[in-house]
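Presented below is the structure to which this report refers.
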Amino acid sequence: DAKTTQPPSMDCAEGRAANLPCNHSTISGNEYVYWYRQIHSQGPQYIIHGLKNNETNEMASLIITEDRKSSTLILPHATLRDTAVYYCIVRVAGSQGNLIFGKGTKLSVKP
Amino acid sequence: DTAVSQTPKYLVTQMGNDKSIKCEQNLGHDTMYWYKQDSKKFLKIMFSYNNKELIINETVPNRFSPKSPDKAHLNLHINSLELGDSAVYFCASRRESGANVLTFGAGSRLTVL
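This is the structure we're talking about:
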């Protein structure tokens, strides 16, 4: 699996967009980019995933660069409840789902 | 209804005891997992079951034994508990086909004294 690199921590003001970067320069052509988050004392939660195209759902947007070597998760209007550790994971779809979690980015949304 | 439910949420026990953590999912998913999150917050996969068959068994001690009576349940039994087993254990499930979208339970915090 391609290795991912994320900043250990970020701050964001409440109501502003949170842009979380992820580098995955060794990604293969059939590997997807997945984002999960873990709010304190809860189980990880799926956010979004994509292969090549930008994706948007009710939680976030995922922007993947054309060369697919990096991506950005965007929370358009961060709230205090979005404070969590965000994990960027690269994995082949259907690969038995044994996701490999790194250290992630600790996002702190401040009032 | 909780999609993936684990019991107990908290478990405090002595070294050497045997304990079990139960997991049930009502999503109709085919694959279930156990993950361990240690004190440094690293999440690591332990086991994966697909339709009651073990398909992943990472390098965990054989004191840990998963049991899947049916595809909606995956229980984790731990023998001869050690201090290092203290962690939060997460159960998860996934549809067999499609993307790696896992639904996790709320976790079971095990403390071994």
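Chains as they are written, first to last, in our numbering: chain E, 114 to 224; chain G, 151 to 263.
Glycine included, every Cβ here is placed at the ideal spot set by N, Cα and C.
Residue 233 of chain G: which of G:166, G:158, G:223 sits nearest, CA to CA? G:166
Within chain E, partners of residue 262 of chain G - CB distance below 8 Å: The premise fails here: residue 262 of chain G is roughly 19 Å from chain E at the closest Cβ pair, so nothing lies under 8 Å.
Chain-ordered chain E contacts of residue 251 of chain G [CB-CB under 9 Å]: 147, 159, 162, 210
Starting from residue 156 of chain E, find everything on chain G with Cβ-Cβ shorter than 8 Å and list it in chain order. 154, 240, 242, 254, 255, 256, 257
Closest to residue 123 of chain E by CA distance: which of E:204, E:142, E:206, E:200 is it? E:200
Taking the straight line between their C-alpha atoms, what separation do you get for residue 170 of chain G and residue 167 of chain E? 43 Å
Just checking: is the beta-carbon of residue 206 of chain G within a distance shorter than 7 Å of some beta-carbon in chain E? yes
Along the chain, where does the beta strand (DSSP E) that runs through residue 126 of chain E open and close? 122 to 126
Rounded straight-line distance, which links the Cα of residue 192 of chain E to that of residue 195 of chain G: 30 Å
Would you be able to state if there are at least three C-beta pairs under 8 Å between the stretch 137 to 148 of chain E and the stretch 168 to 182 of chain G? no
Which residues in the same chain as residue 157 of chain G place their Cβ atom closer than 7 Å to its Cβ, once the five residues preceding and following it in sequence are excluded? 172
Using 10 angstroms around the beta-carbon of residue 187 of chain G, count the other beta-carbons present and answer buried if the total reaches 16, otherwise exposed. buried
If you follow the beta strand (DSSP E) that residue 259 of chain G is in, where does it begin and where does it stop? 258 to 262
Kindly indicate which three-state DSSP category residue 234 of chain G falls into: helix, strand or coil? helix
Give a yes or no on whether the minimum CB-CB distance between residue 193 of chain G and chain E is below 7 Å. yes
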